[in-house]
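Novice: Heads up: the sequence shown is residues 119 to 489, going by this note's numbering. Where a beta carbon is used, it is the ideal one built from N, C-alpha and C, also for glycine. So that we are looking at the same thing, I have put the structure below in structure tokens.
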Amino acid sequence: MLTELRRLPKQHPRRKAPGPLRAHVSDELAPLEARWPTDKDYPASPAPGFAWVSAARTAFSEAADLRIFTVERDGQALAGIALAAAGHGLTWRWRPVGSELGEPTDLAGNDPQALGCLARSLVGLGQPMVLERMPADSPGLAAIRRAARGRAIVLKQAAESELGIELDEDWVRPERNLSAADRRQLARARREADSLGSFNTEIHAPDLFELPGLLDQVFQCEGPLRGIDEENLARRMSSVVFFRHYCEAACTAGILRIGMVRIADRVAAAVIAIEQGSTLWLLRTAINPRHETCQPGPLLLREMLSYSAEAGIRRCKLWGEQHDWFGAWPIAERPCVRVSIYPLTVAGTIAAVVDAAIGLARRLRQLVRGR
């Protein structure tokens, strides 16, 4: 007699329910490295990344008070931002670490609930803060505005847009995307460069052994320090410190790229870039003053765009100094805004009144000069 066997349903292990979101505030950055949101959580910018923030802390904000806000779940941060105290007296504000670089900044993370929790923590601090150059379409900005309802005043002012170039297969030969006049000018620059000696382009993905020497060549390409006033000299030296630290971290992660144009075996132009996701970020461009007449900058940009298209990269972001010759290319702009947060506290009210007075005085000066 055969016994009928009944097949039991397959048992699946129960998935552990995610834990609650928890907001944390710290004044120490280093212990958060392993828990900081990963690059996948904010593909729109390298600035919120731990490597960027850590390098900026070393270069610009070592002596400043620090507040690091994170929102964590099960020991992993889903959103975060590091703020440093800046200014004196009535102009004192919290600002993102690295604001001195002038690049677009944002909250790290893309989880809507975590961003909302982080925004409530920022507003709940009860002190004024400024996000100098935040993308106008940032989910973080939307979260801050929601969190501020009834608790703070959030003012937006237009800021310098982020520039970029959208790429496809046609950009393997980037000059096809220039006007006829700009193509002729680029060709003239190449002929003049060839007339000065051998012309070579290099794009390095360096290891840690090669990195110091390549960075030395980039910084030397910017020209001598003689004749620079004390304030600009200090800013440039701090910037060099930042890029040495950041490039070391980017090199370890395998995302660093250093492009160079050599004319007669001398570096005529160089760029520090990172390749993250489907974007190449040109972070710092250096032009050798001795070779400015043959326009090595446009020649270098042409090579970086061609490299990007061949590698399947879909966009090139133009950070750092904005050069006139960027405008020859079809530029896409991402609007940015300066965000000022004034909590409805004594400190926030005083900051709002001071900033309003400063803005009024600035407009009055402009009116007087315009007469």
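(1) Should Ile449 be labelled buried (16 or more other beta-carbon atoms within 10 Å of its own) or exposed?
(2) Could you say which of Ala182, Ala169, Ala226, Gly137 lies nearest to Asp192 if we only look at CA atoms?
(3) With DSSP run on the structure shown, which of helix, strand or coil describes His409?
(4) Are Pro230 and Glu280 closer than 9 Å when you measure CB to CB?
(5) Excluding the 5 residues preceding and the 5 following Leu462 in the sequence, name in chain order all residues of the same chain whose CB lies nearer than 7 Å to its CB.
(6) Let me know the beta strand (DSSP E) ranges lying completely inside the segment 310-349, each 3 residues or longer, listed in chain order.
(7) What number of angstroms, rounded off, separates the C-alpha of Val359 from the C-alpha of Arg420?
(8) Look up Leu482 in the DSSP assignment and say whether it is helix, strand or coil.
(9) Assuming contact is defined by CB atoms lying nearer than 9 Å, are Ala387 and Pro414 in contact in what I supplied?
(10) Between the alpha carbons of Ile376 and Gly198, how many angstroms are there, rounded?
(11) Determine, using beta carbons only, whether Pro149 and Ala226 come nearer to each other than 9 Å.
(12) When you compare the CB positions of Gln275 and Ala465, do they come within less than 9 Å of one another, or not?
(13) Would you report the Cα separation of Ile476 and Val457, rounded to the nearest angstrom?
(14) Which residues share a DSSP beta bridge with His142?
(15) To the nearest angstrom, report how far apart Ala382 and Arg306 are at their CA atoms.
(16) What are the partner residues of Met247, as DSSP defines its beta bridges?
(17) Closest by CA to Met247, which one among Val471, Met355, Tyr460?
(18) Under 8 Å by Cβ, that's how I've got Ala200 and Leu233 pegged, so tell me the actual separation to the nearest angstrom.
(19) Run the CB neighbour count on Asn318, radius 10 Å, all protein chains shown included, and call it buried at 16 or more, exposed below.
(20) Arg264: which of Leu236, Leu285, Pro253, Gly315 sits nearest, CA to CA?
(21) Starting from Gln194, trace the alpha helix (DSSP H) in both directions and tell me its first and last residue.
(22) To the nearest whole angstrom, what separates the beta carbons of Val455 and Ala254, a pair I think is in contact under 8 Å?
(23) Alpha carbons only, please: which of Ser163, Val171, Arg153 is nearest the one belonging to Tyr364?
(24) For the putative contact between Thr403 and Gly438, defined by C-beta atoms under 8 Å, what is the C-beta separation to the nearest angstrom?
(25) In the structure shown, what three-state DSSP assignment does Arg493 receive?
(26) Assign Met422 to one of two classes, buried (16 or more other C-beta atoms within 10 Å of its C-beta) or exposed (fewer than that).
(27) Who pairs with Gln394 in a beta bridge, going by DSSP?
(28) Suppose the cutoff is 6 Å on Cβ atoms and the five residues either side in sequence are ignored; what does the same chain contact list for Leu273 look like?
(29) Beta-carbon within less than 7 Å of Glu287's beta-carbon, same chain only, minus the 5 sequence neighbours each way: which residues are those?
(30) Can you tell me where the alpha helix (DSSP H) with Gly207 in it begins and where it stops?
(31) Is Pro164 helix, strand or coil when you go by DSSP?
(32) Report the rounded CA-to-CA distance for Thr179 versus Ile262, giving the unit in angstroms.
(33) Cα-Cα, which of His441, Arg433, Leu219 is closest to Arg490?
Specialist: The structure says:
(1) As a first step, residue 449 is located in the sequence shown; it is residue number 331 there, counting from the start. Looking at its Cβ environment, which holds fewer than 16 other Cβ atoms inside 10 Å, Ile449 is exposed.
(2) The sequence position of residue 192 within the sequence shown is 74, counting from 1. Of the candidates Ala182, Ala169, Ala226, Gly137, the one whose C-alpha sits nearest the C-alpha of Asp192 is Gly137.
(3) The residue given as residue 409 occupies position 291 in the sequence shown. Three-state DSSP puts His409 in a helix.
(4) As a working mapping, residue 230 is identified with position 112 in the sequence shown. As a working mapping, residue 280 is identified with position 162 in the sequence shown. The answer is no: Cβ separation not under 9 Å.
(5) Walking along the sequence shown from the start, residue 462 turns up at place 344. If we look at Leu462 and ignore the five residues flanking it on each side, its Cβ neighbours are Arg269, Ala270.
(6) 317-322
(7) Within the sequence shown, numbered from 1, the residue matching residue 359 stands at position 241. Within the sequence shown, numbered from 1, the residue matching residue 420 stands at position 302. Those two C-alpha atoms are separated by around 28 Å.
(8) For the purposes of this step, residue 482 is taken as residue 364 along the sequence shown, with counting starting at 1. Here Leu482 sits in helix by DSSP.
(9) Along the sequence shown, one-based indexing puts residue 387 at 269. Along the sequence shown, one-based indexing puts residue 414 at 296. Yes, the pair counts as a contact, with Cβ atoms nearer than the cut-off.
(10) Within the sequence shown, the letter at position 258 stands for residue 376. Within the sequence shown, the letter at position 80 stands for residue 198. Roughly 29 Å between the two C-alpha positions.
(11) Position 31 of the sequence shown holds residue 149. Position 108 of the sequence shown holds residue 226. No, Cβ-Cβ distance for Pro149 and Ala226 is not below 9 Å.
(12) On the sequence shown, residue 275 is found 157 positions in, with the first residue counted as 1. On the sequence shown, residue 465 is found 347 positions in, with the first residue counted as 1. Not closer than 9 Å, so no.
(13) The residue labelled residue 476 in the question sits at position 358 within the sequence shown. The residue labelled residue 457 in the question sits at position 339 within the sequence shown. Near 16 Å, if we compare the C-alpha coordinates of Val457 and Ile476.
(14) Walking along the sequence shown from the start, residue 142 turns up at place 24. In DSSP, His142 forms a bridge with Thr188.
(15) As a first step, residue 382 is located in the sequence shown; it is residue number 264 there, counting from the start. As a first step, residue 306 is located in the sequence shown; it is residue number 188 there, counting from the start. In a straight line, the C-alpha of Ala382 is about 17 Å away from that of Arg306.
(16) Start at 1 with the first residue of the sequence shown, and residue 247 comes out as number 129. Met247 is bridged to Trp212, Ile459.
(17) Translated into the one-based positions of the sequence shown, residue 247 becomes position 129. Taking only the C-alpha atoms, the option nearest Met247 is Tyr460.
(18) Position 82 of the sequence shown holds residue 200. Position 115 of the sequence shown holds residue 233. Ala200 to Leu233, Cβ: 16 Å. No contact.
(19) Against the sequence shown, residue 318 aligns to sequence position 200. Exposed, by the Cβ-count rule.
(20) Sequence index remark: in the sequence shown, residue 264 carries index 146 (1-based). The shortest C-alpha separation from Arg264 is found at Leu236.
(21) As a first step, residue 194 is located in the sequence shown; it is residue number 76 there, counting from the start. Per DSSP, Gln194 belongs to no alpha helix (DSSP H); it is in the beta strand (DSSP E), 194-204.
(22) Position 337 of the sequence shown, counting from 1, holds the residue named residue 455. Position 136 of the sequence shown, counting from 1, holds the residue named residue 254. Contact flag correct, Cβ pair sits at about 5 Å.
(23) Within the sequence shown, the letter at position 246 stands for residue 364. The shortest Cα separation from Tyr364 among Ser163, Val171, Arg153 belongs to Val171.
(24) Counted from its first residue, the sequence shown places residue 403 at position 285. Counted from its first residue, the sequence shown places residue 438 at position 320. Right, the Cβ-Cβ distance comes to about 6 Å (below 8 Å), so this counts as a contact.
(25) A query on residue 493 cannot be resolved here, the shown segment of the chain reaching from 119 to 489 and no further.
(26) For the purposes of this step, residue 422 is identified with residue 304 of the sequence shown, where counting begins at 1. Buried.
(27) Taking the sequence shown and counting its residues from 1, one reaches residue 394 at position 276. In the DSSP output, where bridge partners are listed per residue, Gln394 has Thr397.
(28) Position 155 of the sequence shown, counted from the start, is the residue given in the question as residue 273. The answer, listed in chain order, is Ser458.
(29) Looking up residue 287 in the sequence shown gives position 169. Excluding residues within five positions, the ones whose Cβ falls inside 7 Å are Ala427.
(30) Walking along the sequence shown from the start, residue 207 turns up at place 89. No alpha helix (DSSP H) holds Gly207; DSSP gives it neither H nor E.
(31) On the sequence shown, position 46 is the one that residue 164 refers to. Reduced to three states, the DSSP call for Pro164 is coil.
(32) Numbered from its first residue, the sequence shown carries residue 179 at position 61. Numbered from its first residue, the sequence shown carries residue 262 at position 144. According to the sequence provided, residue 179 is Ser. The question's Thr does not apply to it. For Ser179 and Ile262, the distance between alpha carbons rounds to 24 Å.
(33) As shown, the chain starts at 119 and ends at 489. That puts residue 490 outside it, with no answer to give.
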